[in-house]
Amino acid sequence: MDMTLEVIPLPVSDIDRARDFYRDKVGFHVDIDQEVVPGLRVVQLTPPGSGCSIALGDTLWNTLPGPRPAPGSYQGLQLCVTDIEAARAELTARGLEVSEPVRYSPDDGAAFLYFKDPDGNGWAVQEYRRRAAEPLHRLLAKQAGA
């Protein structure tokens, strides 16, 4: 059985502020912004080129079992890009405060930059140069055919 990770609920304190941040500063596409059932508004946003989205919702957590995570409690969410310097330039041009790139080694996949959303949820952006020649969607399609 194939399983895909496609949506991650993200704890935020203000849906409109978070939607605007991820759309305007990070460049995510707004897929859904509506009350999907009475009393449950969902805002779903997807990074360009990604198969996984984030979902923001004021009462979304009431539909999920277990404890409700506090806004800002998610750390280590990760985006991948093929050029960390170009990504930093684009993000800072959008007004996002991001760290300088940190290169932990010269190996592909070892350069990162970091930012936080308005609630303090922490994100990393990883440079994975190999994806320029081997996009993830092509690799997955190849594996599925094997």
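Quick note: the sequence shown uses the numbering used here, first residue 1, plus one each step. Beta carbons: idealized from backbone N, C-alpha and C, even for Gly. These figures come from a predicted structure and were not determined experimentally.
Please report how far the alpha carbon of Asp-108 lies from the alpha carbon of Ala-124, in whole angstroms. Separation of Asp-108 and Ala-124 (C-alpha to C-alpha, rounded to the nearest whole angstrom) is 15 Å.
Reference Arg-94, options Asp-24, Ala-18, Leu-10, closest by Cα: Here the closest residue by C-alpha is Asp-24.
Endpoints, the beta strand (DSSP E) within which Gln-159 is located: An answer regarding residue 159 cannot be provided, because it is not within the stretch 1 to 146 covered by the chain.
Cβ neighbour criterion (16 or more within 10 Å) applied to Glu-127: So Glu-127 counts as buried.
Exposure label - Arg-138; buried when at least 16 CB within 10 Å: A residue is called buried when at least 16 other Cβ atoms come within 10 angstroms of its Cβ; Arg-138 does not meet this threshold and is exposed.
Reduced DSSP secondary structure (H/G/I, E/B, other) of Gln-75: Here DSSP, grouped into helix, strand and coil, assigns Gln-75 to coil.
Which term fits Tyr-22, buried or exposed, when burial requires 16 or more other beta carbons within 10 angstroms of its beta carbon? So Tyr-22 ends up on the buried side.
Cβ separation of Glu-6 and Cys-52, assumed to be a contact under 8 Å, to the nearest whole Å: Contact holds; Cβ gap of about 6 Å.
Counting only runs of 3+ residues fully inside the region 96-126, write out the beta strand (DSSP E) ranges in chain order. As far as the region 96-126 is concerned, its whole beta strand (DSSP E) runs of at least 3 residues are 111-116.
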